[in-house]
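Going left to right, the sequence shown walks through residues 116 to 618 as my numbering numbers them.
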Amino acid sequence: MDTQRRRVYGYRQEILNDTNCKIRIVGMIAHQIKMAIDRFLDRKYGADSFAQYASDKLGVEFKGSDFDRSTYEEAELYAKNKALSVTITQLQDFIEENLGSDEESEWNWQALTNQVNKRWELDNAEKTLKSVGKSDLVEYLSKQTEDSVEKISLQEGSILLQPKWGLSSLLNWMKLKFQIDVPESSLVNQPPSEVEKILVGKAKELYRQKEITFPVAAGMAKFMNEGASSQAVPGSQKYNREGLYKWAQSRFHQFASDLSEESFRTLSRAEIQQMLVQVSFKAMPEIGQADIDLKLAEAFHGTQVSEEGDAKDLCDYMRTQLQIDIPTEKLTGVSQDAARQIMWNIFDDHYRPEMRIMERGLVLAQLDSTWKNHLYVMDHLRSTVGLRGYAQEDPKTVYKREGMKEFEAMWEGVEERVSEIVFRMEDADEVQDTVWVIGSATHESAPRLQAPEVQSNGAPEEIKQEKKVETIRNFGERIGRNDPCSCGSGKKFKNCCMRTNAV
Numbered sequence: 116m117d118t119q120r121r122r123v124y125g126y127r128q129e130i131l132n133d134t135n136c137k138i139r140i141v142g143m144i145a146h147q148i149k150m151a152i153d154r155f156l157d158r159k160y161g162a163d164s165f166a167q168y169a170s171d172k173l174g175v176e177f178k179g180s181d182f183d184r185s186t187y188e189e190a191e192l193y194a195k196n197k198a199l200s201v202t203i204t205q206l207q208d209f210i211e212e213n214l215g216s217d218e219e220s221e222w223n224w225q226a227l228t229n230q231v232n233k234r235w236e237l238d239n240a241e242k243t244l245k246s247v248g249k250s251d252l253v254e255y256l257s258k259q260t261e262d263s264v265e266k267i268s269l270q271e272g273s274i275l276l277q278p279k280w281g282l283s284s285l286l287n288w289m290k291l292k293f294q295i296d297v298p299e300s301s302l303v304n305q306p307p308s309e310v311e312k313i314l315v316g317k318a319k320e321l322y323r324q325k326e327i328t329f330p331v332a333a334g335m336a337k338f339m340n341e342g343a344s345s346q347a348v349p350g351s352q353k354y355n356r357e358g359l360y361k362w363a364q365s366r367f368h369q370f371a372s373d374l375s376e377e378s379f380r381t382l383s384r385a386e387i388q389q390m391l392v393q394v395s396f397k398a399m400p401e402i403g404q405a406d407i408d409l410k411l412a413e414a415f416h417g418t419q420v421s422e423e424g425d426a427k428d429l430c431d432y433m434r435t436q437l438q439i440d441i442p443t444e445k446l447t448g449v450s451q452d453a454a455r456q457i458m459w460n461i462f463d464d465h466y467r468p469e470m471r472i473m474e475r476g477l478v479l480a481q482l483d484s485t486w487k488n489h490l491y492v493m494d495h496l497r498s499t500v501g502l503r504g505y506a507q508e509d510p511k512t513v514y515k516r517e518g519m520k521e522f523e524a525m526w527e528g529v530e531e532r533v534s535e536i537v538f539r540m541e542d543a544d545e546v547q548d549t550v551w552v553i554g555s556a557t558h559e560s561a562p563r564l565q566a567p568e569v570q571s572n573g574a575p576e577e578i579k580q581e582k583k584v585e586t587i588r589n590f591g592e593r594i595g596r597n598d599p600c601s602c603g604s605g606k607k608f609k610n611c612c613m614r615t616n617a618v
């Protein structure tokens, strides 16, 4: 557990220390896509899917290897033959389970009838089976079960054995998870590496679109909320057109001339939102953080730590291409990853402050919630792992092994949830509480488009001026364990009030 705590709290502290959350979220999205490609484009995926489908339909366990490289006709024949071959065994098991007692009074004909009817979709009556008798039941029911198996159609599962089934499943997954439609024709006959490149590129395009529309959605949620009063954003008004106009003038100050007060008074909500999205699109520079990464790779080519000349080139690039001033000393003597964090964070502060706040809150919320649930799981595992000793297993070894499995599953859950919610942030319960804060935020640094001054220790001036919290100290006289108790009972403290207080 110590290893798990260090990893979780270390990860959380990195976020609190201004690690760029977009870098992590984009990495999560790319990893999710890669895992989906590995799963859906695996050659055995179709056979595994048909095996699961046939198992559900016929009530017999199949493996994907049973149908590997099979046509539908071959797969259907094999599946039904195997189902027929086990019907006698299953009938005997049902009879033994319900009519196995030596005392006929303990036989459960009703349970047997229900099991047989449900398993093979028959319509036998309990009275009929009783009249047949236990000794002739297998012969009587075997014909019915064989006819039932023959009537079952596996035709709906034929698509699972088609060569394009894996690709179709991958594209459906992309649509359900990210709302991204990708034409199947654009990926046919492409190697997995190229498919991954295309899908990750599509996800990044959608992410950029979200960066453009999200500030507008946050502002509209604050000043022109359409929800019912029970769902209204805290502090918001139904239609505060004047407040929205002032917010837009401040948020998109460089395009203030495109925003007239008359438009905010007369246009409908949808028209205002469309107008603001267009302005937000113009406010977002064409050069993005991916271009910053290319410049970083060029500057750090052949070196691990930046020199003054490298830092100057990077600062000039940010100034000329993005109108952002960064002090040269901030990028001098740092690694490529550190420079990336600095440049991405400053870019976020100027062009996507709402998204940065939301990304940070989203990752922290998911991490905290999932970690809390994981602690409950570990407590349950600790309370039950002792039973594994009866199976000649070391409970401590089992606890460590199973605990790490649960821990890795926890991280996968965080990644899966974050990568999905980030494209639905306006509707997600996890982030609704912070939308109004974003909508009402003011961005003091935006008009001058330069990096804010940072104190030598990296802390804002407001934090530095906060009064230091005094350590709580107990200055009263301390009673020893063996001293007479202060209550006057005559007993030692450890045998009197100390024990009572502990209880």
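We put the beta carbon where it would ideally sit given N, CA and C, even for glycine.
Beta-carbon proximity list for Leu237, same chain, < 7 Å, skipping 5 on both sides: The beta carbon of Leu237 is closer than 7 Å to those of Val231, Gln259 and Ser263 in its chain, skipping five residues each way along the sequence.
Counted within 10 angstroms of its Cβ, other Cβ atoms place Leu314 as buried (16 or more) or exposed: If you draw a 10 Å sphere on the C-beta of Leu314, you find 16 or more other C-beta atoms in it, and that means buried.
Span of the alpha helix (DSSP H) around Pro330: Where Pro330 is concerned, the enclosing alpha helix (DSSP H) stretches over Pro307 to Phe338.
Complete alpha helix (DSSP H) runs within the region 206-238 (minimum length 4 residues, chain order): Whole alpha helix (DSSP H) segments, 4+ residues: 224-235.
Backbone CA spacing between Glu422 and Ala414 [nearest angstrom]: Going by the C-alpha atoms only, they are around 10 Å apart.
Assigned exposure category for Asn340 - 16 Cβ within 10 Å defines buried: If you draw a 10 Å sphere on the C-beta of Asn340, you find 16 or more other C-beta atoms in it, and that means buried.
Contained alpha helix (DSSP H) runs [length at least 4] in the region 485-540, N- to C-terminal order: DSSP runs (the alpha helix (DSSP H)) wholly in the region 485-540: 510-536.
Cβ distance (whole Å) where Lys172 is taken to contact Leu269 below 8 Å: With 8 Å as the limit, Lys172 and Leu269 qualify as a contact, their Cβ atoms being about 6 Å apart.
Cβ pair Asp425, Arg434 closer than 8 Å: In this structure, Asp425 lies away from Arg434, with their beta-carbon atoms at least 8 Å apart.
Where the alpha helix (DSSP H) through Glu188 begins and ends: Run containing Glu188: Tyr187 to Ser200, per the alpha helix (DSSP H) assignment.
Same chain, Cβ closer than 7 Å to Ile274, neighbours up to 5 away in sequence not counted: Correct list, in chain order: Trp280.
Stretch-stretch touch, CB-based, cutoff 8 Å, three pairs: the region 189-201 with the region 212-223: No: fewer than three Cβ pairs fall under 8 Å.
Cα-Cα separation between Cys430 and Val449, rounded to whole angstroms: Cα to Cα, Cys430 sits roughly 14 Å from Val449.
Residues of its chain near Gln207, where Cβ-Cβ distance is below 6 Å and the 5 sequence neighbours each way are ignored: Within the same chain, no Cβ atom closer than 6 Å to the Cβ of Gln207 is found once the five residues on either side in sequence are excluded.
Cβ-based neighbour list, Gly595, same chain, cut-off 8 Å, excluding 5 preceding and 5 following: Around Gly595: Phe608.
Every unbroken alpha helix (DSSP H) within the region 227-296, with a cutoff of 4 residues, ordered by chain: The alpha helix (DSSP H) runs of length 4 or more contained entirely in the region 227-296 are, from start to end of the chain, 241-247, 252-266 and 280-293.
For Pro669, the three-state DSSP class (helix, strand or coil): Here the chain comprises residues numbered 116 to 618, so residue 669 is not present and cannot be evaluated.
Residues near Leu496 by beta carbon distance below 8 Å, same chain, minus five either side: So the list reads Tyr514, Glu517, Gly518 and Glu521, once near-sequence residues are dropped.
Cβ shell of Ile407 (< 6 Å), same chain only, five flanking positions each side left out: Excluding sequence positions up to five before and after Ile407, its CB lies within less than 6 Å of the CB of Met458, all in the same chain and listed in chain order.
Buried/exposed call for Pro306, threshold 16 Cβ in 10 Å: By the 10 Å Cβ count, Pro306 comes out exposed.
Which residues DSSP lists as bridging Lys607, in chain order: In the DSSP secondary-structure assignment, Lys607 is bridged to Pro599.
Cα-Cα separation, Ala363 to Thr118: Roughly 47 Å between the two C-alpha positions.
Alpha helix (DSSP H) runs contained entirely in the region 430-481, provided each spans 4 or more residues: Segments of the alpha helix (DSSP H) lying fully in the region 430-481: 451-466.
Where Val394 sits in the DSSP three-state scheme: Helix, per DSSP.
DSSP bridge partner residues for Val420 (one or two, in chain order): DSSP lists Ser450 as partners of Val420.
Cβ neighbour criterion (16 or more within 10 Å) applied to His558: Caution applies to His558, whose pLDDT of 42 falls short of 50 and renders its modelled position unreliable; the value that the coordinates give is listed next. When all chains shown are included, His558 counts as exposed.
Inter-residue spacing [alpha-carbon to alpha-carbon] between Leu131 and Cys611: C-alpha separation (whole angstroms): 46 Å.
Straight-line Cα distance separating Met143 from Cys136: Cα-Cα distance, rounded: 10 Å.
Nearest-angstrom Cβ-Cβ length linking Tyr168 and Gly272, presumed shorter than 8 Å: Yes, they are in contact, since the Cβ atoms of Tyr168 and Gly272 sit about 4 Å apart, within 8 Å.
Residue nearest to Arg356 in terms of C-alpha spacing, selected from Phe370, Ser375 and Leu482: For the residues Phe370, Ser375 and Leu482, the minimum Cα distance to Arg356 belongs to Ser375.
Beta-carbon proximity check, Leu482 vs Arg127, cutoff 8 Å: Yes.
8 Å Cβ shell around Glu535 - same chain, five flanking residues per side excluded: Non-local C-beta neighbours of Glu535 in its own chain, meaning closer than 8 Å and more than five positions away in sequence, comprise Lys292 and Phe293, ordered along the chain.
Status (buried if at least 16 other CB within 10 Å, exposed otherwise) for Thr243: Thr243 is exposed by the Cβ-count criterion.
Cβ pair count under 8 Å reaching 3, the region 173-184 against the region 145-162: Flag = yes, the region 173-184 and the region 145-162 touch.
Outcome for Met116 when other beta-carbon atoms lying within 10 angstroms are tallied against a minimum of 16: Flag for Met116 reads exposed.
Cβ-based neighbour list, Asn239, same chain, cut-off 7 Å, excluding 5 preceding and 5 following: Setting aside the 5 residues that flank it on each side, Asn239 is surrounded in the same chain by Thr228, Val231 and Asn232, each with a C-beta closer than 7 Å to its C-beta; the list follows chain order.
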